[in-house]
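K.L.:
Input: one structure, supplied below.
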Amino acid sequence: MIDLNKLLDAEDLVLDLHNKRVKLHQYDPKTIPALDQLMRQQARETGADKVIVYGKKADVENWQSLGYVLEGRIDGFFRGVNAHMLSLYLSEQRATSSAPELAEENVRLSLSKAGAGGDKQLPPEYRLREATEADAEELAALYARVFATYPTPMDDPVYIRKTMQEGTCYIVAERDKAIACAASAEVSARFGSAEMTDCATDPDHAGKGLLQPIFQALEAKMEAMGIYYLYTLTRAQSAGMNVTAAKMGYTYRGRLINNCTIYSGYEDMNIWVKPLRPVRD
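Numbering (this note's numbering), first residue to last: 94 to 374.
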């Protein structure tokens with residue numbers, strides 16, 4: 094008999110109230126039916142209408158038999174083993190993409206530019222550096238200016254400091270000692286992978302090609318740390334970051350429908366991956 098109350102405290106079961114999601118990272122395959130019941134219950138109790146499972150390949154059909162949809166894959170997420178992204182939608186609205194044609198058009202555009210990035214040099218008036226906790230207020234102001242809504246409270250300097258203390262690495266491009274662009278690598282030491290995320294360019298510095306050099310610096314730092322499996326989730330309805338990911342050698346791996354609240358509301362997020370070492374399925 095499975096103790097569901099014990100599973101409620103499992104480190105891998107995440108209740109994401111802000112984005113109305115329940116997420117499961119690791120699990121015992123023998124408990125899949127019980128976990129499905131548990132996550133549906135948690136979704137009802139918290140008002141969530143999307144459940145996401147980071148599944149292993151051998152379990153995909155089992156989850157699909159319970160109503161989960163395979164939306165994509167993150168190569169090497171579990172220390173070189175692929176994570177298959179399975180979603181259960183508990184409302185028709187959450188399951189319905191608002192602009193699927195635009196999302197497909199952006200992917201086609203991005204793939205047409207795949208690998209075209211090369212080594213991108215920062216304009217001479219800018220410089221790159223790793224951010225510290227002393228930058229938290231300025232970073233928070235940047236994210237507040239760029240995003241009306243965001244999946245995490247990046248407009249809060251306390252939250253930014255907390256992420257730094259937990260291992261997230263931020264690199265910024267600055268001009269005249271002011272931050273013009275920033276991005277981070279959210280490291281999961283437990284799984285040996287990192288999400289390239291929190292990309293924001295001050296509108297006054299748009300079009301300067303600042304993000305690619307930041308990505309290059311973050312990738313080099315991750316490889317030096319022994320983090321070889323990188324991925325990024327990009328707004329499907331906006332071409333910019335999708336094109337950047339493709340240029341930087343990331344491979345498209347699927348789309349998470351209405352995955353999180355970002356920019357203006359719930360949006361589809363494309364999965365792009367860049368394993369620096371071989372992966373296993």
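C-beta: ideal position from N, C-alpha, C; glycine also.
Going by the CB atoms, is the gap between Arg-166 and Lys-143 shorter than 8 Å?
P.N.:
Taking the sequence shown and counting its residues from 1, one reaches residue 143 at position 50. Taking the sequence shown and counting its residues from 1, one reaches residue 166 at position 73. Not in contact: Lys-143 and Arg-166 (Cβ atoms no closer than 8 Å).
K.L.:
With C-beta atoms as the reference, is Phe-325 less than 8 Å away from Thr-290?
P.N.:
One-based indexing of the sequence shown puts residue 325 at position 232. One-based indexing of the sequence shown puts residue 290 at position 197. It is worth fixing the name first, because residue 325 is Thr in this sequence and not Phe. Yes; because the gap between Cβ atoms is below 8 Å, this pair is in contact.
K.L.:
Write down the C-beta distance between Gln-309 and Lys-340 rounded to the nearest angstrom, noting that I regard them as a contact closer than 8 Å.
P.N.:
Walking along the sequence shown from the start, residue 309 turns up at place 216. Walking along the sequence shown from the start, residue 340 turns up at place 247. Not a contact, Cβ separation roughly 11 Å.
K.L.:
Would you say Gly-300 and Ala-282 are within 8 Å of each other, going by their C-beta atoms?
P.N.:
The residue labelled residue 300 in the question sits at position 207 within the sequence shown. The residue labelled residue 282 in the question sits at position 189 within the sequence shown. Result no, Cβ atoms of Gly-300 and Ala-282 do not sit closer than 8 Å.
K.L.:
From the DSSP output, read off the bridge partner residues of Ser-180.
P.N.:
Counting from 1 along the sequence shown, the entry for residue 180 is found at position 87. Answer by DSSP bridge pairing, in chain order: Ile-145, Val-162.
K.L.:
Can you confirm whether the region 224-232 touches the region 246-263 when touching is taken to mean that 3 or more C-beta pairs between the two stretches lie within less than 8 Å?
P.N.:
Taking 8 Å as the limit for Cβ pairs, the verdict is that the region 224-232 does touch the region 246-263.
K.L.:
Tell me the rounded alpha-carbon separation between Leu-202 and Thr-327.
P.N.:
One-based indexing of the sequence shown puts residue 202 at position 109. One-based indexing of the sequence shown puts residue 327 at position 234. If I take the Cα positions, the gap works out to 14 Å.
K.L.:
Would Val-162 pass as an interface residue toward chain D - the criterion being a Cβ-Cβ separation below 8 Å?
P.N.:
Protein chain content of the structure displayed is limited to a single chain, and chain D is not contained in it.
K.L.:
For Arg-265, which of helix, strand or coil comes out of DSSP?
P.N.:
Numbered from its first residue, the sequence shown carries residue 265 at position 172. It is worth fixing the name first, because residue 265 is Val in this sequence and not Arg. DSSP places Val-265 in strand when its eight states are reduced to three.
K.L.:
Going by Cα to Cα distance, which pick from Thr-245, Met-334, Leu-163, Tyr-359 is closest to Cys-292?
P.N.:
Indexing the sequence shown from 1 puts residue 292 at position 199. With distances taken between Cα atoms, Cys-292 lies closest to Met-334.
K.L.:
Where does Asp-129 land, buried or exposed, given buried means 16+ other C-beta within 10 angstroms?
P.N.:
Here residue 129 corresponds to residue number 36 of the sequence shown, with the count starting at 1. With 16 or more Cβ atoms within 10 Å of its Cβ, Asp-129 is classed as buried.
K.L.:
Cβ atoms of Asp-105 and Tyr-120: under 8 Å apart, would you say?
P.N.:
Locating residue 120 in the sequence shown gives position 27, where the first residue counts as 1. Locating residue 105 in the sequence shown gives position 12, where the first residue counts as 1. Taking 8 Å as the Cβ cut-off, Tyr-120 and Asp-105 qualify as a contacting pair.
K.L.:
Which runs of the alpha helix (DSSP H), 4 residues or longer, sit entirely within the region 281-367?
P.N.:
List check, alpha helix (DSSP H) in window: 304-318, 332-340.
K.L.:
Going by DSSP in three states, Asn-175 sits in which element: helix, strand or coil?
P.N.:
Counting from one through the sequence shown, the residue named residue 175 turns up at place 82. Here Asn-175 sits in strand by DSSP.
K.L.:
Whose C-alpha, out of Thr-124, Trp-365, Tyr-236, Pro-244, is nearest the C-alpha of Gly-208?
P.N.:
Taking the sequence shown and counting its residues from 1, one reaches residue 208 at position 115. When each option's Cα is compared against that of Gly-208, the closest is Trp-365.
K.L.:
Rounded to a whole number of angstroms, what is the C-alpha to C-alpha distance between Glu-185 and Val-146?
P.N.:
Counting from 1 along the sequence shown, the entry for residue 185 is found at position 92. Counting from 1 along the sequence shown, the entry for residue 146 is found at position 53. Taking the straight line joining both Cα atoms gives about 19 Å.
K.L.:
I'd like the list of long-range same chain contacts for Gly-358, defined as Cβ closer than 7 Å, with 5 residues on each side in sequence excluded.
P.N.:
The residue given as residue 358 occupies position 265 in the sequence shown. Same-chain partners within the cutoff: Thr-242.
K.L.:
Residues in the same chain with beta-carbon distance under 6 Å from Tyr-219, minus the five sequence neighbours each way, listed in chain order, please.
P.N.:
By 1-based counting over the sequence shown, the position of residue 219 is 126. Within the same chain, Tyr-219 has close Cβ partners Ala-266, Arg-268.
K.L.:
To the nearest angstrom, how far is the alpha carbon of Gln-168 from that of Arg-238?
P.N.:
Translated into the one-based positions of the sequence shown, residue 168 becomes position 75. Translated into the one-based positions of the sequence shown, residue 238 becomes position 145. The question names Gln, but residue 168 is Asp in the sequence shown. Distance between the alpha carbons of Asp-168 and Arg-238 is about 33 Å.
K.L.:
Exposed or buried, Lys-150, counting other C-beta atoms within 10 Å across all chains shown (16 or more means buried)?
P.N.:
Locating residue 150 in the sequence shown gives position 57, where the first residue counts as 1. So Lys-150 counts as exposed.
K.L.:
What residue from Val-174, Ala-233, Met-178, Gly-302 has the CA that sits closest to Pro-217's CA?
P.N.:
Position 124 of the sequence shown holds residue 217. For the residues Val-174, Ala-233, Met-178, Gly-302, the minimum Cα distance to Pro-217 belongs to Gly-302.
K.L.:
Alpha carbons only, please: which of Val-174, Leu-179, Glu-154 is nearest the one belonging to Tyr-321?
P.N.:
For the purposes of this step, residue 321 is taken as the residue at position 228 of the sequence shown. Comparing Cα positions, the closest option is Val-174.
K.L.:
With respect to the beta strand (DSSP E) encompassing Glu-223, which residues constitute its N-terminal and C-terminal limits?
P.N.:
For the purposes of this step, residue 223 is taken as residue 130 along the sequence shown, with counting starting at 1. Per DSSP, Glu-223 belongs to the beta strand (DSSP E) from 220-223.
K.L.:
Please classify Val-280 as buried or exposed, where buried requires at least 16 neighbouring CB atoms within 10 angstroms.
P.N.:
For this step, residue 280 is matched to residue 187 along the sequence shown. When all chains shown are included, Val-280 counts as buried.
K.L.:
Would you tell me roughly how many angstroms separate the C-alpha atoms of Ser-158 and Thr-124, rounded to the nearest one?
P.N.:
Numbered from 1 along the sequence shown, position 65 holds the residue referred to as residue 158. Numbered from 1 along the sequence shown, position 31 holds the residue referred to as residue 124. About 14 Å.
K.L.:
For Arg-254, which residues in the same chain have their Cβ closer than 8 Å to its Cβ, ignoring the five residues on either side in sequence?
P.N.:
If you number the sequence shown from 1, residue 254 lands on position 161. Excluding positions up to five away in sequence, the list reads Glu-226, Ala-229.
K.L.:
Taking the straight line between their C-alpha atoms, what separation do you get for Met-362 and Ala-287?
P.N.:
Within the sequence shown, numbered from 1, the residue matching residue 362 stands at position 269. Within the sequence shown, numbered from 1, the residue matching residue 287 stands at position 194. Near 17 Å, if we compare the C-alpha coordinates of Ala-287 and Met-362.
K.L.:
Using the rule of at least 16 other Cβ atoms within 10 Å of the residue's Cβ for burial, across every protein chain shown, is Lys-270 buried or exposed?
P.N.:
Here the question's residue 270 lines up with position 177 in the sequence shown. Counting Cβ neighbours within 10 Å, Lys-270 comes out exposed, since fewer than 16 surround it.
K.L.:
What does the Cβ neighbour count give for Gln-214, buried or exposed, with the cut at 16 atoms within 10 Å?
P.N.:
Numbered from 1 along the sequence shown, position 121 holds the residue referred to as residue 214. Exposed: under 16 other Cβ atoms inside 10 Å.
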